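There are 2 protein chains.
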Amino acid sequence: MKKIDENGRYDNNEKLHIATDCIILGFEEQKLKLLLFKRKIEPMKGEWSLIGSSIRLNEDIDAAAQRILKESTGLDKVFMQQLKTYGKKNREPGCRFISIAYYALINIPDHVMDETKEYDARWFEIDEVPNLILDHDEMVKDAFLQLKQDARHKPIGLKLLPEKFTFTQLQKLYEAIFRTEFDERNFRKKVGSLKMLKKLNEKDKSTSRKGAFLYKFNMGRYEKSLKLGHIF
Amino acid sequence: MKKIDENGRYDNNEKLHIATDCIILGFEEQKLKLLLFKRKIEPMKGEWSLIGSSIRLNEDIDAAAQRILKESTGLDKVFMQQLKTYGKKNREPGCRFISIAYYALINIPDHVMDETKEYDARWFEIDEVPNLILDHDEMVKDAFLQLKQDARHKPIGLKLLPEKFTFTQLQKLYEAIFRTEFDERNFRKKVGSLKMLKKLNEKDKSTSRKGAFLYKFNMGRYEKSLKLGHIF
DNA sequence: TCAAAAGTGTTGCCTTTACACCCATGC
DNA sequence: GCATGGGTGTAAAGGCAACACTTTTGA
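Read top to bottom, the protein sequences are chains U and E.
When you number the first sequence by the UniProt record's numbering, it's gap-free, plus one each residue, and the end is 232.
When you number the second sequence by the UniProt record's numbering, it's gap-free, plus one each residue, and the end is 232.
Written out as structure tokens, the structure reads:
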């Protein structure tokens, strides 16, 4: 039976390996996208997969995820959060690998990611994500569920939108995450009432002749008091 | 620097170990409780801690958690869910250990747990939980947060309550989880409207002369349609 | 007959939903 | 002057929060 060592090469150690995999989600052109990589090693070389690597002996697991992200994309100091650990005994053929999955959120146009070229990486719209190797499909599915969950009470727009954004962009982001459409008037009214946005005296004229006001996040305001209605 | 091997004994391997720890939460006498164990090995022998153990090479991580739970308490086929993985490089002194934490939910009176005697284990009410070793305090804190989260949309009562229960018991459970009190009339109205309970033709007369009707869970009904109000 | 827990309704307020038209501008 | 996306208000319905008294029955 084939084995893979800590650097991803073949090896015969009968041991338990541990790695992290990164689910990199981005927002661009009003669409949620996932960054995938062409696998560089056998088995399954050339197939689409998440990027991952073994954890080093003297490295925090969070740091390992950040390191892998940086090595493969150049992204640094980007929002990243532990998702879940995948550890079925046969999840990786020929070798026992436990993988701690992390997910990252970025606004795609904000970042230059030259490193992705050498990795043969590509952004996929969420409806066009191909089949992935191993249990990576499950990881991606879980990441989208988690994103929906986080979107309810955390300012994920801070990570996925540019610093200044229009109301329309914000709405498209939430529509992409929840895969639905919202009434524009109700959306503006609701978001407005949360007082989490600061209106700027600038307009983005790139999408209309009239121009749309730009907003920034204001923070705070993400906790609600404990009422029955918020529980069930 | 001292090392600990996969069986928890001292050892000099310079390697990365992986374990699971179990946060065992129970409900009894209208109180949420946590099962803690007196640590049997050095260092920190005799201090209160969660129960945990290394993961075996050919064992799913979920199975490892179930095994550890069974070995230490006798609990079998009990609800258990992955919580989070803890992997700071210095979380365990003298040895690199990554721990995948799981949390279990049980109705305490439903279970006989003889094995806990040989482990020197005790249930603690949530307000009386002592300081724990390593980062176990953090794990417990995270477990309670997760429980709150789960209580919003999952029928956790199924795990924490007996099969048949009274409205009062259900309310006390939610009050314990959310650490607050609810108006009794509003609680009955709200829970009633969810249609997740089936009223039985039996009464529990153990807590009042009048007797309280018993209920069972009906399942389903835990998903809500996607409206703005459910998002923010 | 009384103590102790079980059980029940109404009202005001606020939030959510549904729905359609005018505005500003560059071309 | 017209096409394009930006921006706005109102009414009806439903959900939530606040609030106090009656019922049952065993001792």
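Every residue, glycine too, gets a C-beta built ideally from N, C-alpha and C.
Remember, it's a predicted structure, so these values are computed and weren't measured experimentally.
* To do: Return the first residue and the last residue of the alpha helix (DSSP H) that D142 of chain U is part of.
  => Note, D142 of chain U: alpha helix (DSSP H), 136-153.
* Can you check whether the CB of W123 of chain U is closer than 7 Å to the CB of K38 of chain U? -> no
* **Pairwise C-alpha distance: T168 of chain U and K227 of chain E** => 18 Å
* Asked: What does C22 of chain U pair with, by DSSP beta-bridge criteria?
  -> Its beta-bridge partners are U:I51, U:Y102.
* **Local conformation of T166 of chain E per DSSP, three classes** => strand
* N131 of chain E versus P93 of chain E: straight-line alpha-carbon distance, rounded -> 17 Å
* Could you name the residues of chain U that A82 of chain E contacts, counting a contact when the two beta carbons are closer than 7 Å? => Here residue 82 of chain E is Gln; the residue named in the question, Ala, does not match the sequence. The CB of Q82 of chain E comes closer than 7 Å to the CB of K84, T85 in chain U, given here in chain order.
* Asked: Would DSSP call D110 of chain U helix, strand or coil?
  -> If DSSP states are grouped into helix, strand and coil, D110 of chain U belongs with the helices.
* **chain U contact for residue 233 of chain E (CB, 7 Å cutoff)** => This structure cannot settle anything about residue 233 of chain E, because the visible part of chain E is limited to 1 through 232.
* Beta-carbon gap between I100 of chain E and T20 of chain E smaller than 7 Å -> yes
* **N131 of chain U, DSSP secondary structure in three states** => coil
* Asked: Mapping DSSP to helix, strand and coil, what is I4 of chain U?
  -> Low per-residue confidence applies at I4 of chain U: pLDDT is 42, beneath 50, and the placement is therefore not dependable enough to give any value.
* Asked: Hey, how far is the Cα of R188 of chain E from the Cα of N218 of chain U?
  -> 38 Å
* Asked: How many Å lie between M139 of chain E and I133 of chain E at the Cα?
  -> 11 Å
* May I ask you to report which of helix, strand or coil DSSP gives K31 of chain E? => strand
* DSSP puts A121 of chain U in a beta bridge; with which residues? -> U:F37
* Any idea if G157 of chain E is buried or exposed, counting beta-carbon neighbours within 10 angstroms, 16 or more meaning buried? -> buried
* For K198 of chain U, which beta-bridge partners are listed by DSSP? -> K198 of chain U is bridged to U:K216.
* **Backbone secondary structure at L16 of chain U - three-state DSSP** => strand
* To do: Mind reading off the beta-carbon distance from P162 of chain E to D114 of chain E? Whole number of angstroms is fine, and I expect it under 8 Å.
  => So it is not a contact: roughly 20 Å between Cβ atoms.
* Report the three-state DSSP secondary structure of D11 of chain E (helix, strand or coil). => Model confidence at D11 of chain E stands at a pLDDT of 43, short of 50, so the residue's coordinates are unreliable; what they give is reported in the following sentence. The answer is coil: DSSP assigns D11 of chain E none of H, G, I, E or B.
* What are the start and end residues of the alpha helix (DSSP H) that includes T207 of chain E? -> Run containing T207 of chain E: none; DSSP gives neither H nor E here.
* To do: Closer than 8 Å by C-beta to T207 of chain U: which residues in its own chain qualify, once you throw out the five before and the five after it? Chain order, please.
  => Result list for T207 of chain U: T166, T168, in chain order.
* To do: On a CA-only basis, which of E:E202, E:K89, E:L200 is nearest D135 of chain E? Give me that one, please.
  => E:K89
* To do: Please confirm if D60 of chain E has its CB atom under 7 Å from at least one CB of chain U.
  => yes
* Asked: Does the region 52-60 of chain U come close enough to the region 14-28 of chain E that 3 or more CB-CB pairs lie under 8 Å?
  -> The region 14-28 of chain E, when compared against the region 52-60 of chain U, does touch it at the 8 Å Cβ threshold.
* Extent of the continuous alpha helix (DSSP H) run through L160 of chain E -> 157-160
* Asked: Can you list, in chain order, the residues of its chain whose CB lies under 6 Å from that of D204 of chain E, leaving out five sequence neighbours each side?
  -> T166, A212, L214
* To do: Under 8 Å Cβ to Cβ from R96 of chain U, same chain only, skipping five residues before and after it: list those, please.
  => K15, L16, H17, K89
* Listing by chain order, which chain U residues have their CB less than 9 Å from the CB of I100 of chain E? -> Per Cβ cutoff of 9 Å: T85, G87, I98, I100.
* Asked: The beta strand (DSSP E) spanning T85 of chain E covers which residue range?
  -> 80-86
* To do: Report the residues of the region 185-215 of chain E with a CB closer than 8 Å to any CB of chain U, ordered along the chain.
  => N186, F187, K190, V191, L194
* Asked: How about K198 of chain E and K172 of chain E: are their beta carbons less than 7 Å apart?
  -> no
* Identify whether R188 of chain U lies in helix, strand or coil by the three-state DSSP scheme. => helix
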